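These protein sequence lines are chains G and W, in that order. Throughout the first sequence, residue numbering follows numbering that gives the first Met the number 0, covering 0 to 195 in sequence. Throughout the second sequence, residue numbering follows numbering that gives the first Met the number 0, covering 0 to 91 in sequence. C-beta: ideal position from N, C-alpha, C; glycine also. Since this is a predicted model, take the numbers as computed values, not measurements. Please read the structure below before turning to the comments.
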Amino acid sequence: MVERASPLGSDFRPGSYGDFANGAEVTILELDRAGIVEATAWPGQEKALCEALAGACNLRLSAGSGNGAANREGVCAFNIGPGRFLVSGPRETLAGQLESAVPDTIGTVTDLSHGRTVLGIEGPKAEWVLAKLFALDFASAAFPVHSGCATAHHEIAVQIQRRGEKRFELYVSRSFARSFANTLRRAAEDVGYTIK
Amino acid sequence: MLIDCPHCGPRDLAEFSYQGDATRTRPDPASTDTQAWLDYVYNRPNPAGRHREYWQHTGGCRAHLVVERDTLTHEIHAVAPVRGNAKSGDAA
Ligand SMILES: [Zn+2]
Chain G
0 MVERASPLGS DFRPGSYGDF ANGAEVTILE LDRAGIVEAT AWPGQEKALC EALAGACNLR
60 LSAGSGNGAA NREGVCAFNI GPGRFLVSGP RETLAGQLES AVPDTIGTVT DLSHGRTVLG
120 IEGPKAEWVL AKLFALDFAS AAFPVHSGCA TAHHEIAVQI QRRGEKRFEL YVSRSFARSF
180 ANTLRRAAED VGYTIK
Chain W
0 MLIDCPHCGP RDLAEFSYQG DATRTRPDPA STDTQAWLDY VYNRPNPAGR HREYWQHTGG
60 CRAHLVVERD TLTHEIHAVA PVRGNAKSGD AA
């Protein structure tokens with residue numbers, strides 16, 4: 000495998016930044032997802048797609064707006080549109096695996112592994128930082144663990160999945176990732192942040 | 000202005016792209032009636048009040064929508080997916 004280079008640049012390096020005198024309240028990191036895939040159902044095949052993905056990845060996934068799931072091997076999936084799911088995992092074989100699992104009578108599978116960068120933000124102020132960038136309700140009652148959504152920060156499309164009470168993962172087009180990471184860092188300055 | 004996307008729920012206008020007048024009736028593609036094509040391509044009634052429009056949730060689920068919007072107040076009266084609701088004819 001060709002080693003994939005980070006698009007975030009040499010400026011994105013470990014350390015604490017911003018107002019961290021009283022401790023950094025969020026951690027920002029680039030996540031290593033070797034496989035990132037979008038799976039889309041033809042109209043009427045949403046449930047069948049969901050079942051195919053759930054079966055292939057051992058996920059408890061259900062169709063419908065914002066639904067998501069994750070398994071113990073680090074594969075996660077969430078709904079990003081009518082009949083559309085974003086699936087990612089630690090192995091670059093994910094796209095091939097899903098291509099075999101989703102027959103073309105059900106829908107399509109598109110390998111985005113080299114087209115997206117995944118950023119994680121974690122910590123007690125993760126909701127606070129994200130709420131500065133997106134007009135969405137990040138409270139866990141409205142945005143429960145594993146659920147996700149497709150949104151945008153200005154013109155940069157971002158797909159967000161909540162992976163824990165205090166942890167979110169953000170999928171950004173690779174060519175916009177450095178700019179978006181800088182925006183995210185700027186938004187986290189007031190609470191102090193650590194890059195891991 | 001908020002548009003209540005049937006898939007995503009209420010989202011800021013910035014996430015949506017206007018896709019044009021949803022009240023137009025496309026002439027029969029075989030038609031050579033130039034006046035009918037002129038009306039279809041260029042002439043718009045530009046109403047002050049309720050208007051039926053196509054929008055796309057480009058910064059979200061990417062669904063194409065039919066939005067009934069008041070052009071005077073920007074009040075949104077109805078939002079529906081285009082699929083199943085694209086009556087390419089009369090205004091709602
Ligand atoms: Zn939407």
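Practice task
With a 10 Å radius around its C-beta and 16 neighbouring C-beta atoms as the bar for buried, classify P9/W as buried or exposed.
Solution key: On the second sequence, position 10 is the one that residue 9/W refers to. So P9/W counts as exposed.
Problem - Three or more C-beta pairs below 8 angstroms linking the region 49-69 of chain G and the region 115-135 of chain G - result: no
Handout entry: Span of the beta strand (DSSP E), counted from its first residue to its last, around R10/W
Key = The residue you call residue 10/W lines up with position 11 of the second sequence. Looking at the DSSP string, the run of the beta strand (DSSP E) that includes R10/W is G8 to D11.
Exercise for the section: Pull up the distance between the alpha-carbon of R162/G and that of N66/G, whole angstroms please. Expected result: On the first sequence, residue 162/G is found 163 positions in, with the first residue counted as 1. On the first sequence, residue 66/G is found 67 positions in, with the first residue counted as 1. Distance between the alpha carbons of R162/G and N66/G: 12 angstroms.
Problem - Heavy atoms of ligand 1 versus C-beta positions, residues under 6 angstroms - result: C4/W, H6/W, C7/W, H56/W, G59/W, C60/W and A62/W
Exercise for the section: Following the continuous alpha helix (DSSP H) through Y39/W, name the residue where it begins and the one where it ends. Expected result: Locating residue 39/W in the second sequence gives position 40, counting from the first residue. Residues T33 to V40.
Exercise for the section: Consider the Cβ of C60/W: report whether some Cβ of chain G lies at a distance smaller than 7 angstroms. Expected result: As a first step, residue 60/W must be located in the second sequence, where it is residue number 61. Chain G contact via Cβ: present.
Exercise for the section: Measure the beta-carbon distance from A94/G to S112/G and round it to whole angstroms, keeping in mind my assumption that it falls under 8 angstroms. Expected result: As a working note, residue 94/G is residue 95 in the first sequence. As a working note, residue 112/G is residue 113 in the first sequence. That belief holds up - the Cβ atoms of A94/G and S112/G are roughly 7 angstroms apart, short of 8 angstroms.
Handout entry: Contact under 7 angstroms by Cβ, L30/G with G119/G
Key = Looking up residue 30/G in the first sequence gives position 31. Looking up residue 119/G in the first sequence gives position 120. It is a contact, given that the beta carbons lie within the stated cut-off.
Exercise for the section: Measure from the alpha carbon of R166/G to the alpha carbon of each residue in V144/G, N57/G, D189/G and V108/G, then state which is nearest. Expected result: For the purposes of this step, residue 166/G is taken as the residue at position 167 of the first sequence. Cα-wise, what sits closest to R166/G is V144/G.
Practice task
Examine the Cβ distances between the region 8-20 of chain G and the region 73-91 of chain G and report whether three or more of them are shorter than 8 angstroms.
Solution key: Flag = no, the region 8-20 of chain G and the region 73-91 of chain G do not touch.
Problem - Any chain G beta carbon closer than 7 angstroms to E74/W - result: By one-based count along the second sequence, residue 74/W stands at place 75. E74/W does not count as touching chain G.
Practice task
Step through the CB atoms of chain W and report whether any lies within less than 7 angstroms of the CB of P81/G.
Solution key: On the first sequence, position 82 is the one that residue 81/G refers to. It does: the Cβ of P81/G has a partner Cβ on chain W nearer than 7 angstroms.
Exercise for the section: Return the residues of the region 129-150 of chain G that lie within a Cβ-Cβ distance of less than 7 angstroms from chain W, sorted by chain order. Expected result: Against chain W - using a Cβ distance shorter than 7 angstroms - the residues of the region 129-150 of chain G are A134, C148, A149 and T150.
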